[in-house]
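Reading through the structure tokens given below for one structure.
2 protein chains.
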Amino acid sequence: MANQFGVRIRQLREQQNLLLRQVAPLLKMDTPMLSKIERGERPVKREQIPVLSEILKADKNELLTLWLADQIYDVVKDEKLANEAMQVAEKTINLKKRNKK
Amino acid sequence: MANQFGVRIRQLREQQNLLLRQVAPLLKMDTPMLSKIERGERPVKREQIPVLSEILKADKNELLTLWLADQIYDVVKDEKLANEAMQVAEKTINLKKRNKK
DNA sequence: GCCGAGTTGTCAACTATTGACAAATATAGA
DNA sequence: TCTATATTTGTCAATAGTTGACAACTCGGC
Chain E
1 MANQFGVRIR
11 QLREQQNLLL
21 RQVAPLLKMD
31 TPMLSKIERG
41 ERPVKREQIP
51 VLSEILKADK
61 NELLTLWLAD
71 QIYDVVKDEK
81 LANEAMQVAE
91 KTINLKKRNK
101 K
Chain C
1001 MANQFGVRIR
1011 QLREQQNLLL
1021 RQVAPLLKMD
1031 TPMLSKIERG
1041 ERPVKREQIP
1051 VLSEILKADK
1061 NELLTLWLAD
1071 QIYDVVKDEK
1081 LANEAMQVAE
1091 KTINLKKRNK
1101 K
């Protein structure tokens, strides 16, 4: 599992001198669960990101970007054609974006 | 569900003048299932791609790339930060690639 | 040895996915 | 129009995967 996100929130938590047991309840989970999330052993739910950025006084967009990047990475890691696929996907994204506007 | 892949294999199948009922059994599925796959209503398994490219006489890499692009797109569609996330993910991919070599 | 912080392992409850089938809807030719 | 064939739609039980919760463990420092 990709884990730029987990590494970052651990970093932020330590910067704020917060303990797992202090943060976990705010996310409505127990300490082991948050520990696993920070180490990328368990997935984070999208809707938990704003809560986390609030608690850790971090930029919501930064965390969301890292989280998305992790999801993308999980799809293409181990794939020889990762870069090609990324190009195709990017084209699709920009096409759809244009069509909406 | 993203579906560049499905559209492409339908195109290929029709080019070869093959019917759903001819192709489906080769993939060990029934006709409705393949129909749904082609219309993006059901997911395709990674391991079915080589089989499909064999049947449809298509380039394995082309199909795999489309399939991966669909997976990526599913992750970031509806996300404002799609492009940023793609950039971060791409960086990670290339970093890891370098580390392996 | 004990305590606080974090980690590891397990498991039942829940959720989601799958494959399979029947039935409905095109499509085309006689 | 009737019929045959191709595709699509809808449903559902079985299975697989995920989740949350907890006990037990490790690792430091005191």
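The listed protein sequences correspond, in order, to chains E and C.
Taking the numbering used here, the leading residue of the first sequence gets 1, the next gets one more, and so forth.
Taking the numbering used here, the leading residue of the second sequence gets 1001, the next gets one more, and so forth.
For each residue, glycine too, the CB sits at the ideal point set by N, CA and C.
Since residue i and residue j are thought to touch, with beta carbons under 8 Å apart, how far apart are those beta carbons, to the nearest angstrom?
i: residue 103 of chain E; j: residue 12 of chain E; result: Residue 103 of chain E falls outside the range modelled here, since chain E spans only 1 to 101, and no answer is possible.
i: residue 1085 of chain C; j: residue 72 of chain E; result: 6 Å
i: residue 1075 of chain C; j: residue 75 of chain E; result: 7 Å
Among the options, which one has its Cα closest to the Cα of residue i?
i: residue 47 of chain E; options: E:32, E:27 and E:59; result: E:27
i: residue 1040 of chain C; options: C:1094, C:1089, C:1070 and C:1086; result: C:1070
i: residue 1002 of chain C; options: C:1014, C:1036, C:1032 and C:1030; result: C:1036
i: residue 4 of chain E; options: E:51, E:29, E:64 and E:33; result: E:64
i: residue 1097 of chain C; options: E:83, E:97, E:31 and E:95; result: E:83
Roughly how many whole angstroms lie between the Cα atoms of residue i and residue j?
i: residue 107 of chain E; j: residue 78 of chain E; result: Since the first residue of chain E shown is 1 and the last is 101, residue 107 of chain E is not available in this structure.
i: residue 1008 of chain C; j: residue 58 of chain E; result: 43 Å
i: residue 67 of chain E; j: residue 1099 of chain C; result: 22 Å
i: residue 16 of chain E; j: residue 23 of chain E; result: 11 Å
i: residue 62 of chain E; j: residue 52 of chain E; result: 12 Å
i: residue 964 of chain C; j: residue 1030 of chain C; result: Residue coverage of chain C in this structure runs from 1001 to 1101, which leaves residue 964 of chain C outside it and unanswerable.
i: residue 25 of chain E; j: residue 1087 of chain C; result: 33 Å
i: residue 1033 of chain C; j: residue 1019 of chain C; result: 13 Å
i: residue 1093 of chain C; j: residue 1014 of chain C; result: 36 Å
i: residue 1054 of chain C; j: residue 95 of chain E; result: 30 Å
Please list, in chain order, all residues of the same chain as residue i whose beta carbon is under 8 Å from its beta carbon, the five residues on each side excluded.
i: residue 1090 of chain C; result: none
Can you give me the Cβ contacts of residue i inside the same chain, cut-off strictly under 7 Å, excluding the 5 residues immediately before and after it?
i: residue 38 of chain E; result: 6, 9 and 10
i: residue 1021 of chain C; result: 1031
Going along the chain, which residues of its own chain have a beta-carbon closer than 6 Å to the beta-carbon of residue i, five neighbours each way excluded?
i: residue 60 of chain E; result: 50 and 53
Review point. Of all the residues that make up the segment 1037-1069 of chain C, which are near chain E by a beta-carbon distance shorter than 9 Å?
Key: 1061, 1064, 1065, 1066, 1067, 1068 and 1069
**Study point:** Within 8 Å of chain C by C-beta, residues of the segment 15-34 of chain E in sequence order
**Key:** none
Review point. In the segment 1073-1090 of chain C, which residues sit with their C-beta less than 9 Å from some C-beta in chain E, listed in chain order?
Key: 1073, 1074, 1075, 1076, 1077, 1079, 1080, 1081, 1082, 1083, 1084, 1085, 1086, 1087, 1088, 1089 and 1090
Practice item. Please list the residues of the segment 2-14 of chain E that have a C-beta atom closer than 8 Å to any C-beta atom in chain C, keeping them in chain order. Key: 2 and 4
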